[in-house]
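Chemist:
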Amino acid sequence: MAQGKRISADIDSGALQAIKDMGAAAKLARIDAGEGQAAAAARLGVHVQTVARIESGEPGVAIGHVLGMLALYGVTTRLLTPGDESASASSLTPSTDAAAP
1 MAQGKRISAD IDSGALQAIK DMGAAAKLAR IDAGEGQAAA AARLGVHVQT VARIESGEPG
61 VAIGHVLGML ALYGVTTRLL TPGDESASAS SLTPSTDAAA P
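According to the working numbering, the stretch in the sequence shown is residues 1 to 101, in order.
1) Rank Asp12, Ser13 and Lys27 by C-alpha distance to the C-alpha of Val66 and give the top, closest one.
2) Counting beta carbon pairs with one atom in the stretch 29 to 44 and one in the stretch 71 to 79, are three or more of them shorter than 8 angstroms?
3) Could you tell me the alpha carbon to alpha carbon distance between Ala33 and Ala25, rounded to whole angstroms?
4) Between the beta-carbon of Glu55 and the beta-carbon of Gly83, is there less than 8 angstroms?
5) Using alpha carbons as the reference points, say which of Gln17, Thr50, Asp21 and Gly57 lies closest to Thr76.
6) So Val48 packs on Ala62, CB below 8 angstroms; how close in whole Å?
7) For Ala18, which option in Gly64, Glu58 and Gly68 has the closest C-alpha, if you only look at C-alpha atoms?
8) Tell me, to the nearest whole angstrom, how far the beta carbon of Arg30 is from that of Ala40; I am working on the premise that it is less than 8 angstroms.
9) Go ahead and pull the three-state DSSP assignment for Thr81.
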């Protein structure tokens, strides 16, 4: 990738939407847990700006941070392959055994 080039220029619209969906799910789960971004950042061991970037669906955030935040609030992800008969919309599911703050 050339320096200064935006990551989103290399990602198709479906992938960008999936990233935004994960961010929205993380934000909703955090709010449902009654936590602010600062508390989430402290629990994840990242900066508050990273939490804000996750929640806004920025494609340049490390996937480990995104998945870590989802797991922190009990949101599970399931990868679907193109041949999967159950493949439909994004599959993000809140877990009933979410980790307590």
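Glycine included, every Cβ here is placed at the ideal spot set by N, Cα and C. Predicted model only: the values in this text are computed from it and were never measured.
Modeler: In short:
1) Closest by alpha carbon: Lys27.
2) Contact between the stretch 71 to 79 and the stretch 29 to 44 is present: three or more C-beta pairs spanning the two stretches fall below 8 angstroms.
3) When rounded, the distance between both Cα atoms is 12 angstroms.
4) With contacts defined by Cβ atoms closer than 8 angstroms, Glu55 and Gly83 do not form a contacting pair.
5) Asp21
6) 16 angstroms between Cβ atoms; not a contact.
7) Glu58
8) 5 angstroms
9) Thr81 falls in the coil class under three-state DSSP.
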